[in-house]
Each structure stands twice: as structure tokens, then as C-alpha cells.
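To start, the structure itself, in C-alpha cells.
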Amino acid sequence: MTTTIDPHDAVLEPATDDSGFILDVRELCVAIRGKRVVDGVSLAVRPHEILALVGESGCGKSVTSLAVMNLLATGAEVAGGSVTFRGRSVYEFPPSGPEALNGNRIAMIFQDPMGSLNPLMQVGPQIAEALLVHRSAAGRGRGRRELKRWARQRALEIMDQVGIPDPARRYRQYPFELSGGMCQRIVIAMAIICHPDLLLADEPTTALDVTIQAQILDLLKRLREEVGSAIVLVTHDMGVVAETADRVAVMYAGRVVETGLVTEVFLSPRHPYTRLLLETMRALENGTPKGRLSTISGAVPDARHWGEGCRFASRCPKVMERCHKERPPETGDDRSSGHRWACWLNDGRGEMGDIGRGA
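Note that the UniProt record's numbering numbers the sequence shown so that position 355 is 355, with each residue one more than the last.
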């Protein structure tokens, strides 16, 4: 089965702002009950690229993606900055209708695929419903029954595209009848059926075994080519970043500390946190003396006690006095393709070994 694009539902070429970005997040701040948990995050996504947003649990990755989708929970609010899609604030778009963003031009794959599906509804109609809700204009001129047949056919095509075997049989199954990996494919099908310009994937391989993880990541890369979507991949796994992304933004305690092409950041990391993340990943791959795990000493600071200085100061082997008092400015290498970092060690001297391992 081959997926085709209905002539009434042609994919629009993703428009960008003057900078060439389809998504531009600048100095985004998000507060939960008055306390900032995302503090001045800036990142940008070009059409058709995969940007990985990486960091430890609780650093603000998921909250940032929810702010982009305008899906913040009760008690959370955007406290500053801007989020623009195609040069227009995401908060100016209507919540529903043909001009709505969510599910239409921007879609999201949430962490828990089982929690994203209606347990009392067959999975196929859930995919078709996403199309009917967001692209009803494409079915203009069709009767009700014909419209449902059209949506069902499109859903079957998308199910085949994401690698679901025997789509006609799976179409009539309920979420509890499917494996975790299969449910994740259903959720991905729901997200891409409207051919979004931007896809946010929040830890899409969580709780899946290694083989299924690899299949899902390969699927995302393939869909980038076939559907043409740009992808923001939220993850805590640097190995996933290396295998999947074009560019990476490293987050720590509510801030982006380093961003750039994956090749540049991995070969020449400039922020101590990035260096230590990569060191722990390589230690897992290559082993360590006496079999000891390589770790980063200390703990992530509580958001209630964040100071004005660098958030990584309490764990950094290269910490200086000013790190505790002053927020480091963002700097970059003019010779690189957007490689930037926020650290008082602006010259970036020293090899990976100079940073040292945590206890």
C-alpha cells in the first residue's frame, strides 16, 4: 500500500520567518505556581531538520515542548519570551478550525502512548478522527458516508506507512490488544496524518525495548523525508541524539547551556555539563577501569533555590567564584554553524579528560 496525498489536502511548503526558521523560541520563560521552571530558553528549528532537546529528567524539556504547543497544565503559564511559528506567535492562532495549529500544522507525540489513546475506542477510528477534526475542509463536497470512507482509507495508508502490519485488522483493535511499540506507531500515525510542518516527539522510545526503540527512531527519520516534517526530539539519551538528530540543544535546570550541530557538539563540547554527559555515555559504551560507572557528582538544584549564577556551578569541576554569582553569557564560534554555549570558560580550552569524572 502506498500513501498518497489527497489533491484537496496538499501539503503546504513550510513557510519560515526572515531568519529561515519554521519555529523560533526566544527567551522563553515558564512559571509553575509563580516559580520559573524554564528560564530564558532560546532555540530554533529549520524546515525538514531534526533538533534534539536533551537533558536530565526535570530540566524543563517537556515543559518547553508543551509551551510550544500551548498545552501547559493548570497552574503553569508563559512568563516571558516568545514562540513563533512561520513568523507568527503560536498564541495568536485559533484553538480550532482550519487555521488551528495543534494537530494540524504542529503535532505532538507524547511520552506515554497508552495514555494518549482512548482505551474504549478502536485505534483505527482514532487515527481517522484526527484527520476529520483537523482537515474537514479537505472532505468538502463529500457526503457523510463518503467522508468517513475517505478518512478510513487515509488512516489505513498512514498505518501502513508507519510499519503496522495488516492495517485492516489492526484498524479494528483496541489499544489493550496491541504492544507498546505498536501503540507508539498508532500515536505517530495520528500525529502525522495531517502532514504537520513540525512534529514534537517527547521521549518517543520511553519504556520500549532496544529493538523497538531503534525501529521507532528509524521511522521518525524516514517520516522526516517522506512527510517533510521538521522534528523536535525530546530525550535524555545522548546515544539517541547521535543516531537521529541534525542539531542538538542541551538543557540543564531550565536553561539551554549548549547548542549546535550534533557533529560539532559531540566532537568539541564546550560546556562542562555537555562534556560530562558525553563522557558518561562513552564510559557505558567502552567500559571503565575496575567496572565503576562514570557519574556526574552532586544533584540537580531544586528550582525553588536557583540562584543568579550558572545552574551547574555546584557540580562543575571547573567552577570559579563568578560562576555562583553571575549568569554566564552565551558565546559562540564564528567559524561554526551556530555552535553556541553559556559558560565562563569561554575559550573552551582543555580536553575531555581535564574536566574529570564525578565521584
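Glycine included, each C-beta is placed from N, C-alpha and C at the ideal position.
Give the single residue among the options whose Cα lies nearest to the Cα of residue i.
i: MET190; options: ALA207, GLY58 and TYR171; result: TYR171
i: ARG46; options: GLY58, ILE22 and VAL54; result: ILE22
i: ASN70; options: ALA52, ARG86 and VAL90; result: VAL90
i: ILE106; options: SER116, HIS339, THR84 and GLN126; result: THR84
i: VAL232; options: CYS59, LEU198, GLY81 and GLN161; result: LEU198
i: LYS221; options: GLY20, ILE127 and LEU51; result: LEU51
i: ASP112; options: VAL210, ILE212, GLY180 and LEU223; result: GLY180
i: VAL78; options: VAL25, LEU178 and PRO125; result: VAL25
i: HIS48; options: LEU223, PRO317 and HIS236; result: LEU223
i: ASN102; options: VAL63, SER62, ALA214 and HIS134; result: HIS134
i: PRO269; options: LEU147, ASN104 and ASP333; result: ASP333
i: VAL234; options: SER337, MET108, ALA214 and GLY307; result: MET108
Within 10 angstroms of its Cβ, does residue i collect 16 or more other Cβ (buried), or is it exposed?
i: HIS305; result: exposed
i: MET352; result: Because MET352 carries a pLDDT of 38, less than 50, the predicted location of this residue cannot be relied on, and the following value inherits that uncertainty. It counts as exposed.
i: SER65; result: buried
i: ALA299; result: exposed
i: PHE176; result: exposed
i: ALA73; result: exposed
i: PRO196; result: buried
i: LEU267; result: exposed
i: ARG86; result: buried
I need the straight-line Cα distance from residue i to residue j, nearest angstrom please.
i: SER297; j: LEU277; result: 12 Å
i: ASN118; j: SER314; result: 44 Å
i: VAL248; j: ARG154; result: 33 Å
i: THR295; j: THR280; result: 6 Å
i: LYS35; j: ALA303; result: 8 Å
i: ALA168; j: LEU156; result: 7 Å
i: LEU200; j: PRO329; result: 28 Å
i: ALA44; j: ARG145; result: 42 Å
i: ALA100; j: GLU129; result: 16 Å
i: MET159; j: VAL41; result: 35 Å
i: ARG149; j: TRP341; result: 52 Å
i: ASP39; j: PRO95; result: 26 Å
i: MET114; j: LEU120; result: 12 Å
i: ALA76; j: GLN126; result: 29 Å
i: residue 365; j: LYS61; result: Residue 365 lies beyond the stretch modelled for the chain, which goes from 1 to 359, so this question has no answer here.
i: LEU208; j: MET238; result: 17 Å
i: LYS318; j: ALA214; result: 36 Å
i: SER337; j: VAL63; result: 27 Å
i: GLY143; j: ILE212; result: 40 Å
i: ARG88; j: ASN104; result: 15 Å
With a CB to CB cut of under 7 Å and the five nearest residues on each side skipped, what residues in its chain are close to residue i?
i: residue 365; result: Since the displayed the chain opens at 1 and closes at 359, residue 365 lies outside it and no answer follows.
i: VAL262; result: VAL241, ALA242, ALA245, ASP246, ARG247 and VAL248
i: GLY309; result: CYS323, HIS324, LYS325, GLU326 and ARG327
i: LEU217; result: THR205, VAL240, GLU243 and THR244
i: MET320; result: TRP344
i: GLY20; result: ARG46
i: SER57; result: HIS236
i: PHE93; result: GLU99, ALA100 and LEU101
Excluding sequence positions up to five away, which residues of its chain have a Cβ less than 6 Å from the Cβ of residue i?
i: LEU131; result: ALA151, ARG154 and ILE193
i: VAL68; result: VAL83
i: PHE110; result: SER116 and ASP202
i: PHE312; result: TYR252 and TYR273
i: CYS316; result: PRO272
i: GLY81; result: ARG26, GLU27, LEU28 and CYS29
i: ARG282; result: none
Under 7 Å: does the beta carbon of residue i sit that close to some heavy atom of the ligand SAM?
i: ALA67; result: Absence of the ligand SAM is noted for the structure shown, with no ligands found whatsoever.
Leaving out five residues before and five after residue i in sequence, what residues of the same chain have Cβ atoms less than 8 Å from its Cβ?
i: ILE164; result: ARG170, MET182, ARG185, ILE186 and ALA189
i: VAL250; result: VAL54, GLY55, VAL256, VAL257, GLU258, THR259, VAL265, HIS271, TYR273, THR274 and LEU277
i: ASP166; result: none
i: CYS59; result: MET251, TYR252, ALA253, GLY254 and VAL300
i: LEU219; result: VAL162, GLY163, ARG185 and ILE188
i: LEU178; result: VAL123, ARG170 and ILE186
Q) Are there three or more Cβ pairs, one per stretch, closer than 8 Å when the stretch 21-35 is compared with the stretch 220-229? A) Taking one beta carbon from each stretch, the stretch 21-35 and the stretch 220-229 have fewer than 3 pairs nearer than 8 Å; the two do not touch.
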